[in-house]
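Visitor: Chains as they are written, first to last, in full-length UniProt numbering: chain X, 1 to 306; chain G, 1 to 306; chain W, 1 to 306.
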Amino acid sequence: MISTLTERSHLIDTDQLSKQEMEELFERAEFWRTHPERWQRAFPGRFVANLFFEPSTRTRISFEVAEKKLGMETLHLDGERSSTVKGETMEDTLKTLAAIGVEVVVVRHQGVGRLASMAEIDTGVSLINAGEGHGGHPTQALLDLYTLQQHFGRLAGLTVVIAGDLRHSRVARSNLWALRTFGARVILSGPESMRDLSMEENAIYLPFDEAIKQADAVMMLRVQLERHEENLFTSADAYRTAYGLTRERMEQMPTHGIIMHPAPVNRDVEIASELVEHPRSKIFKQMENGVWIRMAVLERALLGRG
Amino acid sequence: MISTLTERSHLIDTDQLSKQEMEELFERAEFWRTHPERWQRAFPGRFVANLFFEPSTRTRISFEVAEKKLGMETLHLDGERSSTVKGETMEDTLKTLAAIGVEVVVVRHQGVGRLASMAEIDTGVSLINAGEGHGGHPTQALLDLYTLQQHFGRLAGLTVVIAGDLRHSRVARSNLWALRTFGARVILSGPESMRDLSMEENAIYLPFDEAIKQADAVMMLRVQLERHEENLFTSADAYRTAYGLTRERMEQMPTHGIIMHPAPVNRDVEIASELVEHPRSKIFKQMENGVWIRMAVLERALLGRG
Amino acid sequence: MISTLTERSHLIDTDQLSKQEMEELFERAEFWRTHPERWQRAFPGRFVANLFFEPSTRTRISFEVAEKKLGMETLHLDGERSSTVKGETMEDTLKTLAAIGVEVVVVRHQGVGRLASMAEIDTGVSLINAGEGHGGHPTQALLDLYTLQQHFGRLAGLTVVIAGDLRHSRVARSNLWALRTFGARVILSGPESMRDLSMEENAIYLPFDEAIKQADAVMMLRVQLERHEENLFTSADAYRTAYGLTRERMEQMPTHGIIMHPAPVNRDVEIASELVEHPRSKIFKQMENGVWIRMAVLERALLGRG
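Following this line, the structure appears as structure tokens:
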């Protein structure tokens with residue numbers, strides 16, 4: 001049973017969001033992007049805690065900028081280092097935060113499903129998933145879709161290639177769910193050893209050189225070579241040659257096709273360095289849009305509390 | 001010799017506070033609790049530094065919320081990690097903070113008596129003790145007494161049982177002093193091996209099952225099993241059976257008796273998990289009250305500077 | 001090629017600042033010192049990131065106070081701990097910060113010349129050097145000169161002795177360049193083994209007991225005994241006797257001569273403890289002035305962005 005707070009206020013993953021809810025988030029992101037005079041005065045004195053059990057400089061500071069642009073007060077709890085946080089249940093940590101006046105908790109956690117469990121309990125705080133193991137990363141997917149919509153004016157009917165280490169990618173999963181909700185067509189690609197059959201129920205899998213020819217957008221996933229067994233890839237060079245987005249491969253895309261990446265980028269591994277700043281790349285635009293999307297998500301969490 | 005700044009402004013421990021001073025702090029805590037419209041505008045641009053030589057997520061964030069609710073600017077110095085702070089005397093660290101514009105320093109330190117020594121020097125900052133080794137933890141005691149007064153309308157004449165690892169508890173010590181000042185009756189309890197005879201000059205010691213029958217309130221202390229020699233307790237189970245607050249023991253309390261704990265709780269060690277959220281438990285109320293008390297203590301530190 | 005942003009906005013080191021630019025910074029520091037009513041309202045909602053690859057409590061909190069006094073929003077990135085920051089190029093980190101809305105990045109880094117290289121690229125952020133290996137530490141030099149000018153009313157013609165571990169001192173280098181620009185006379189002193197011949201092109205080297213007799217001001221450098229080979233100094237005592245500022249040596253200075261130190265001080269190593277708080281010591285005044293200078297430097301970075 002999901003508490004009533006959940007539906008209005010938590011953000012667990014994109015598979016729990018309707019098309020209309022996502023559209024509203026994009027509208028609010030657009031509002032915050034275009035109304036800087038409304039920042040700071042939005043939610044002064046409202047407390048949000050960033051509870052990170054895994055390191056994440058990039059997502060953390062994007063949320064922090066969003067929080068501060070909304071005029072919120074921010075707390076940071078480093079779940080990796082804090083012995084107190086480590087020694088107690090997540091439920092008790094969340095209830096403690098609620099007791100001292102925190103309304104929203106942004107959580108990065110490695111345990112898939114932990115946030116969904118917490119959302120079933122009335123801890124008193126609204127939860128936002130900032131990346132959960134190999135499970136999901138909904139604000140990344142939302143900012144990706146917002147970027148696509150900003151560029152193409154629509155999502156329905158777009159062909160989006162998601163390429164790379166699908167098996168370990170929370171970004172791929174959250175994007176797949178959200179893109180399908182909007183009627184986009186998703187093509188998965190990448191090394192055979194990194195395929196995830198559960199995702200292929202909702203998308204087709206194609207070799208990269210075939211997939212790329214159909215891509216309105218290609219989302220390159222970050223490859224974490226250190227995670228894989230040695231025999232998979234002998235080197236970054238081998239990965240790039242077989243599965244990386246090189247200039248040659250980019251030129252096989254439709255001429256209107258755009259390049260996306262959740263960052264941080266491994267330059268010259270999954271993507272040629274020269275393409276990162278290429279006019280067809282939206283990588284830095286994605287980072288910028290992440291702030292507007294997170295402002296919208298934080299606003300939803302606060303307003304959803306009634 | 002105590003500097004004049006000390007008396008007006010530092011908070012070293014509850015044994016240096018008169019009944020009137022504590023009553024004023026409770027009044028100001030009540031003011032801050034009930035006047036959210038006055039937060040933020042209270043002390044804008046006034047700097048406080050949180051100097052923590054020991055980890056303390058819970059006390060740190062409670063202070064941080066209090067500081068931010070008052071509109072103060074906060075700095076964090078992690079004395080454990082900062083090589084600069086470690087390599088210099090505390091006196092030089094405090095004088096440096098004063099030189100750059102910090103008025104109040106909240107200190108968590110393991111060295112009993114260090115803060116009292118610092119208060120004898122004119123470092124230029126007002127000091128607040130946020131927990132000092134096994135010495136004292138005055139804001140915890142103040143929030144406990146404020147919670148008792150909020151519930152019972154008075155402190156004089158109450159019987160308060162403090163139970164658990166008395167020897168290592170700074171919370172017990174600060175509470176004992178403050179409760180005695182208000183004319184409350186304190187009963188100590190817990191394992192023989194954890195008794196502290198110095199505290200028994202001001203309180204009686206009774207076996208837990210006897211003590212509990214007289215308790216208007218029982219304050220369960222956090223047991224830190226890892227600190228104790230192996231032969232003391234073979235397990236958390238053994239501790240709970242002998243000295244924990246179980247449902248059976250709670251039912252031996254007077255029906256109006258309440259349950260307190262400074263948190264974080266070891267569920268099913270010193271207290272049965274089901275009792276933490278019990279209607280008679282004030283544990284989360286204590287956490288909430290900690291913010292109001294710390295706002296009052298910070299205000300005193302700033303106003304006491306004249 | 002230096003980008004146009006550089007000249008107007010970056011602060012790489014004092015050798016890139018004209019006399020007029022430094023005078024303007026001193027004027028603005030004086031403005032901020034004397035106009036507290038203008039703090040906070042100066043640059044609300046403007047984002048600065050502090051990117052520290054080396055620990056530096058003192059410089060970090062001085063910048064943080066300056067940033068907050070100007071009403072800016074601050075982010076902290078711990079380059080030592082952040083795996084994301086470690087795994088990517090500094091260029092990508094800076095571009096990411098620009099993408100999420102950061103305008104100024106304060107960088108502490110061990111790699112001499114890294115910031116100058118970054119300043120040649122248009123990353124989108126203004127850079128401020130907060131100490132760079134053995135290279136330079138321009139805000140320290142600026143606050144030192146501001147302190148000298150505040151005390152003597154002028155810089156031209158002053159004799160300043162910089163004494164200690166010259167070879168490893170970024171403070172010495174940045175001060176030498178800036179003092180020469182203003183027509184001050186610099187005398188270097190310290191152990192033979194710590195001389196740096198490259199600095200002696202612009203200053204003379206004298207034994208400490210000779211140098212001190214001519215000093216309008218003596219800047220004692222922090223000695224880091226742990227950095228040096230064991231045979232250099234057998235102990236802190238040996239260093240103090242040979243090269244430390246003792247009371248006896250202070251009495252050899254002109255009676256108007258003042259004592260300076262960038263701090264943190266090793267009491268009774270490079271300077272006698274009793275001299276730190278001596279009326280002729282400007283050490284705590286330097287710390288205070290560091291905040292005003294950093295406010296001026298941050299203001300320059302923001303206004304230089306046009």
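Every residue gets a Cβ at the ideal spot worked out from N, C-alpha and C, and that includes glycine. In this text the structure is predicted, and so the values were computed from the model without any measurement.
Could you work out which residue in X:Gly-290, X:Met-72, X:Leu-155 is closest to Ile-100 of chain W when comparing CA atoms only?
Guide: Per the Cα distances, X:Gly-290.
Visitor: What residue range is occupied by the uninterrupted beta strand (DSSP E) comprising Glu-103 of chain X?
Guide: Looking at the DSSP string, the run of the beta strand (DSSP E) that includes Glu-103 of chain X is 102-109.
Visitor: Put Leu-17 of chain X into one of helix, strand or coil per three-state DSSP.
Guide: It is coil, neither helix nor strand.
Visitor: Determine the DSSP secondary structure at Gly-79 of chain X, reduced to helix, strand or coil.
Guide: DSSP places Gly-79 of chain X in coil when its eight states are reduced to three.
Visitor: Do Gln-286 of chain G and Leu-179 of chain G have their C-beta atoms closer together than 8 Å?
Guide: Not a contact, by the Cβ cut-off of 8 Å.
Visitor: Give the secondary structure of Arg-167 of chain W by DSSP, where H, G and I count as helix, E and B as strand, and everything else as coil.
Guide: Of the three classes helix, strand and coil, the one that applies to Arg-167 of chain W here is coil, per DSSP.
Visitor: According to DSSP, is Leu-142 of chain X helix, strand or coil?
Guide: Helix.
Visitor: Tell me, which residues are paired with Phe-52 of chain G by DSSP?
Guide: According to DSSP, which records beta bridges pairwise, Phe-52 of chain G is partnered with G:Asp-78, G:Arg-108.
Visitor: Tell me where the beta strand (DSSP E) around Ala-217 of chain X begins and ends.
Guide: Note, Ala-217 of chain X: beta strand (DSSP E), 217-220.
Visitor: Between Ile-2 of chain G and Thr-96 of chain W, what straight-line distance do the alpha-carbon atoms span, to the nearest angstrom?
Guide: Note on Ile-2 of chain G: pLDDT 42, under 50, position unreliable in the model; no value is reported.
Visitor: Can you name the residues that DSSP bridges to Ile-259 of chain X?
Guide: For Ile-259 of chain X, which the question treats as bridged, DSSP gives the partners X:Val-218, X:Ser-281.
Visitor: Please report whether the beta-carbon of Pro-55 of chain W lies at a distance below 8 Å from any beta-carbon of chain X.
Guide: By this cut-off, Pro-55 of chain W is not an interface position.
Visitor: Below 7 Å on C-beta distance, what does Trp-39 of chain W contact in chain G?
Guide: Under the 7 Å cutoff, chain G gives Gly-45.
Visitor: Got a sec, what are the start and stop residues for the beta strand (DSSP E) Ile-187 of chain W sits in?
Guide: Start and end: 185-189.
Visitor: Counting Cβ pairs, one atom from each stretch, are 3 or more of them under 8 Å apart for the region 158-170 of chain X and the region 190-202 of chain X?
Guide: The region 158-170 of chain X, when compared against the region 190-202 of chain X, does touch it at the 8 Å Cβ threshold.
Visitor: Which residues does DSSP pair with Asn-202 of chain W in a beta bridge?
Guide: Looking at the DSSP assignment, Asn-202 of chain W forms no beta bridge with any residue, so it has no partner.
Visitor: If the cut is a Cβ gap below 7 Å, which residues of chain X does Phe-284 of chain G touch?
Guide: The answer, in chain order, is Lys-95, Ala-99.
Visitor: I'd like to know whether the C-beta of Leu-70 of chain X is nearer than 8 Å to at least one C-beta of chain G.
Guide: Not closer than 8 Å to any Cβ of chain G, the Cβ of Leu-70 of chain X fails to qualify, so no.
Visitor: Secondary structure at Asn-175 of chain W, three-state DSSP: helix, strand or coil?
Guide: DSSP places Asn-175 of chain W in helix when its eight states are reduced to three.
Visitor: Pick from W:Glu-299, W:Gly-306, W:Leu-303, W:Gly-304: whose alpha carbon is nearest that of Trp-39 of chain W?
Guide: Cα-wise, what sits closest to Trp-39 of chain W is W:Glu-299.
Visitor: What distance in whole Å lies between the Cβ atoms of Leu-176 of chain G and Ala-203 of chain G, which are believed to be in contact at a cut-off of 8 Å?
Guide: Indeed, because the Cβ distance is near 6 Å, the residues count as touching under 8 Å.
Visitor: Any beta carbon from chain X within less than 8 Å of Ser-189 of chain G's own beta carbon?
Guide: Ser-189 of chain G does not count as touching chain X.
Visitor: Inspect the beta-carbon positions of Phe-52 of chain X and Arg-108 of chain X and report whether they are closer than 8 Å.
Guide: Against a cut-off of 8 Å, the Cβ pair of Arg-108 of chain X and Phe-52 of chain X comes out as a contact.
Visitor: Under a CB-based cut-off of 8 Å, is Asp-92 of chain W close to chain X?
Guide: Cβ-Cβ to chain X under 8 Å: yes for Asp-92 of chain W.
Visitor: Given this structure, state the Cα-to-Cα distance separating Thr-181 of chain X from Arg-81 of chain W, to the nearest angstrom.
Guide: Taking the straight line from one Cα to the other gives about 39 Å.
Visitor: Starting from the beta carbon of Ser-82 of chain X, find every residue of chain G whose beta carbon is closer than 8 Å, and list them in chain order.
Guide: Pro-55, Thr-57, listed in chain order.
Visitor: Where does Ala-66 of chain X fall in DSSP's three states?
Guide: Ala-66 of chain X falls in the helix class under three-state DSSP.
Visitor: What in chain W is Cβ-close to Met-295 of chain X, meaning under 7 Å?
Guide: Simply none; closest approach about 11 Å.
Visitor: Count the other CB atoms, across all protein chains shown, that sit within 10 Å of the CB of Ser-18 of chain X; report buried if there are 16 or more and exposed otherwise.
Guide: When all chains shown are included, Ser-18 of chain X counts as exposed.
Visitor: Using DSSP bridges, identify the partner residues of Gly-136 of chain W.
Guide: DSSP output for Gly-136 of chain W lists W:Glu-132 as bridge partner(s).
Visitor: When DSSP labels each residue in this structure, what does Glu-299 of chain X get in the three-state scheme?
Guide: Looking at Glu-299 of chain X - three-state DSSP - the assignment turns out to be helix.
Visitor: Look at Leu-127 of chain X and Val-297 of chain X and say whether their C-beta atoms are less than 8 Å apart.
Guide: Not in contact: Leu-127 of chain X and Val-297 of chain X (Cβ atoms no closer than 8 Å).
Visitor: Which residues mark the beginning and the end of the alpha helix (DSSP H) in which Ser-273 of chain G is found?
Guide: Ser-273 of chain G -> alpha helix (DSSP H) spans 273-276.
Visitor: Just tell me which of W:Leu-302, W:Ile-12, W:Glu-274, W:Ile-259 has its CA closest to the CA of Gly-136 of chain W.
Guide: The candidate whose alpha carbon is nearest that of Gly-136 of chain W is W:Ile-12.
Visitor: Give the straight-line distance between the Cα atoms of Ala-263 of chain G and His-261 of chain W, rounded to the nearest whole angstrom.
Guide: So the two alpha carbons sit approximately 44 Å from each other.
Visitor: Can you give me the start and stop residues for the alpha helix (DSSP H) that Phe-208 of chain G sits inside?
Guide: Here the alpha helix (DSSP H) through Phe-208 of chain G covers 208-211.
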